[in-house]
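Here's the structure we're looking at; comments come further down.
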Amino acid sequence: MQNLRLTFHGAARAVTGSCFRVETDHGQVLVDCGLFQGSKTEKELNYRPFPFAPDAIAAVILSHAHIDHSGLLPKLVRHGFTGPIHATPATVDLAGVMLPDSAHIQEIEVEQFNRRAARRDRGKVTPIYTRQDADACLALFRPQPYDAWFSVIPGLRARFWNAGHLLGSASVEIEVARADAAPMQILFSADIGPDYKLMHPDPEGPSGVDYLICESTYGDRDRIDATADRRRKLLADEVRAAMHPNGALLIPSFAVERAQELISDLGRLIAEGALPPTPIYVDSPLATKATRVFAKHHRELEEGAVLMKGLKSRHLHFTETREQSIALDRIRGFHIVIAASGMCEAGRIRHRLKNWLWRDEGTVLFTGFQAVGTLGRILQDGATSVRIQGEEFSVRARIRSLDLYSGHADGTELRDWIKARLPIRHDVFLVHGEEAAMEGLAARLTGIVDPAHVLRPELDEGFELTAMGSQRLAEPMPPRLPPEKVARMDWHNDVSRLILEINEALRASPDERTRGVLIRRLRRALEAENGA
925 MQNLRLTFHG
935 AARAVTGSCF
945 RVETDHGQVL
955 VDCGLFQGSK
965 TEKELNYRPF
975 PFAPDAIAAV
985 ILSHAHIDHS
995 GLLPKLVRHG
1005 FTGPIHATPA
1015 TVDLAGVMLP
1025 DSAHIQEIEV
1035 EQFNRRAARR
1045 DRGKVTPIYT
1055 RQDADACLAL
1065 FRPQPYDAWF
1075 SVIPGLRARF
1085 WNAGHLLGSA
1095 SVEIEVARAD
1105 AAPMQILFSA
1115 DIGPDYKLMH
1125 PDPEGPSGVD
1135 YLICESTYGD
1145 RDRIDATADR
1155 RRKLLADEVR
1165 AAMHPNGALL
1175 IPSFAVERAQ
1185 ELISDLGRLI
1195 AEGALPPTPI
1205 YVDSPLATKA
1215 TRVFAKHHRE
1225 LEEGAVLMKG
1235 LKSRHLHFTE
1245 TREQSIALDR
1255 IRGFHIVIAA
1265 SGMCEAGRIR
1275 HRLKNWLWRD
1285 EGTVLFTGFQ
1295 AVGTLGRILQ
1305 DGATSVRIQG
1315 EEFSVRARIR
1325 SLDLYSGHAD
1335 GTELRDWIKA
1345 RLPIRHDVFL
1355 VHGEEAAMEG
1365 LAARLTGIVD
1375 PAHVLRPELD
1385 EGFELTAMGS
1395 QRLAEPMPPR
1405 LPPEKVARMD
1415 WHNDVSRLIL
1425 EINEALRASP
1435 DERTRGVLIR
1445 RLRRALEAEN
1455 GA
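According to the working numbering, the sequence shown is numbered sequentially starting from 925.
Given below as structure tokens:
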């Protein structure tokens, strides 16, 4: 039997940065190669060298186009990867708009950072990758249909199963040949969609695998059961509650799929009279381009006709240029803005928040998962003030959440999906989840999978996959981040909070003398810490 290793280079005890390396005697293959999101400490991993040689990777199998699964592919190419990238046809099309957009964001944000750094006499940084790298990456994509085996490297083949999460999304089944026995079967769930997903059928997958690598994003949660009508009613309730003659409803949204779902439902609610005619602005060039891809593939979607009807609504407007986006701040009368990014970490939503967070007339509605350390999670957790691009803003707008648009299965749905994969001959690896979510899903699997065979790998941890079960590598790779720093608030978050608290304390001081005393105490504390 040939050697078979699996190493977890991302989405290990955290949700983002999906990247799994499969090694056989014939070569190395990656399943996904995604950006890390969350705290600055985690995002800094995107700038560090890969923990493997990119030119030693023979091929990549991409589960879907979301940036936390695909976003480091241009970097992989930049540093020497030249092999094929296998994906479903719809994923190829979505990656064609998402990866160039990601490169543009890298270039713009680095340019802005370097301008600020120059004013402070600090060193420059370079983008993780450029538009040229993204274009070179796209040339390597190879479309593969669902339900059909394709060869990846000698002795290893794969096929895609519809994961019901995103247009083109797939679970990845890998089969590794063995001379002395039946092939070894490994199933990567990738992101599993929930039941009653707006545009997709229920997720599929094979049964009777040797190893299962399963997401656990919502493993500790149970959503309310909601039909499509119930989902739209709850959305309508949120919109009506947000209505103010001079107000705005901001919806931070992932530009791909979430934006299109909201367009469909809002358009239908207005057309049916459940909401009054309301201007809807999609403030994201990526969402605009992605919507064209959805329109191209609308016949593959369960509610494709509803989406196409929503796209023709006279109340829907797309802002593509920077000038059109800036003009949104001058709109009078209640309106809805759907803007990227979904976790408020980049893109135009930050500019909309800077204009509305401090105003009572504003409402921010979250419709998806917010990772620890992101601005979205900080707002969702009840912050009364935040810092955005170095500026301080009080939070007076209403902060709301409606979790029915999530693209992830909840704990019960994940348990049922795993149960349908039985028998699982060896181990289940839980990934794509924070600590509480993984433990919640592990508890739900009691009586279905032996707890001793439910594993929670750490970042950069590797395993030998054998016919008798998995074994941790005898000489483990040192993790790029220790477990206690993964999916946690970091010192950057602490500094932002401290600055806000100092400013609040100074404003609350009754007079100049009291403020002076506080400032002198702070200075003495810093001097003592620095040994001055």
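For each residue, glycine too, the CB sits at the ideal point set by N, CA and C.
Inter-residue spacing [alpha-carbon to alpha-carbon] between residue i and residue j
i, j, result
"E1128", "E1425", "49 Å"
"S987", "A1449", "51 Å"
"I1423", "S1237", "45 Å"
"H1356", "R1447", "43 Å"
"I1312", "K1278", "7 Å"
"R1192", "P1125", "21 Å"
"N1086", "I1342", "15 Å"
"D1059", "G1020", "8 Å"
"L1186", "A1103", "51 Å"
"V953", "A938", "22 Å"
"G1271", "I1262", "12 Å"
"R1345", "E1453", "56 Å"
"Y1142", "I1032", "33 Å"
"I1194", "S1309", "34 Å"
"E1428", "G1314", "16 Å"
"R1339", "M1167", "39 Å"
"A1041", "Q1030", "16 Å"
"L1389", "G1007", "24 Å"
Beta-carbon proximity of residue i to residue j, cut-off 8 Å
i, j, result
"A1264", "S1330", "no"
"I1260", "I1204", "yes"
"S1140", "L1365", "yes"
"I1009", "F944", "no"
"G1300", "R1182", "no"
"V1410", "E966", "yes"
"F1387", "L930", "yes"
"G1371", "D1146", "no"
"T1050", "A1027", "no"
"A1098", "I1116", "Just to set this straight, residue 1098 is Ile in the shown sequence, not Ala. No, they are not a contact pair."
"L1289", "A1321", "no"
"D979", "G1004", "yes"
"L1240", "Q1184", "no"
"P1067", "P1013", "yes"
Close Cβ partners of residue i (< 8 Å) along its chain, the five nearest in sequence each way excluded
i, result
"F1164", "Strictly speaking, residue 1164 in this sequence is Arg, with Phe absent from that position. Only L1199 meet the Cβ criterion."
For residue i, three-class secondary structure by DSSP
i, result
"H1259", "strand"
"L1397", "coil"
"F1218", "helix"
"Y1142", "strand"
"L997", "helix"
"L1091", "coil"
"T1287", "strand"
"T1243", "coil"
"F1037", "helix"
"Y971", "coil"
"Y1329", "helix"
"E1451", "helix"
"V1373", "coil"
"H1356", "coil"
"A1432", "helix"
"Q952", "strand"
"I991", "helix"
Neighbourhood of residue i by C-beta distance below 6 Å, restricted to the same chain and skipping five residues each side
i, result
"R1349", "D1134"
"P1381", "F932, A936 and F1353"
"C1268", "P1176, L1299 and G1300"
"L1000", "C957 and P978"
"S1249", "D1207, T1243 and R1272"
"L1303", "I1323"
Sequence-distant residues of its chain with Cβ nearer than 7 Å to residue i (five each side left out)
i, result
"V1096", "V955, I985, S987, A1082, F1084, F1112 and A1114"
"E1463", "No answer is possible for residue 1463: the residues shown for the chain start at 925 and end at 1456."
"R1404", "L969, R972, P975, L1383 and D1384"
"R1002", "Y1053 and D1057"
"N1351", "Just to set this straight, residue 1351 is Asp in the shown sequence, not Asn. Result list for D1351: Y1135, H1377, L1379, G1393 and S1394, in chain order."
"M1413", "S963, V1296 and G1297"
Contact test: residue i Cβ vs the ligand ZN heavy atom, cutoff 7 Å
i, result
"G1386", "Absence of the ligand ZN is noted for the structure shown, with no ligands found whatsoever."
Counting pairs of beta carbons, one from the stretch 1208 to 1215 and one from the stretch 1290 to 1299, are three or more of them closer than 8 Å? no
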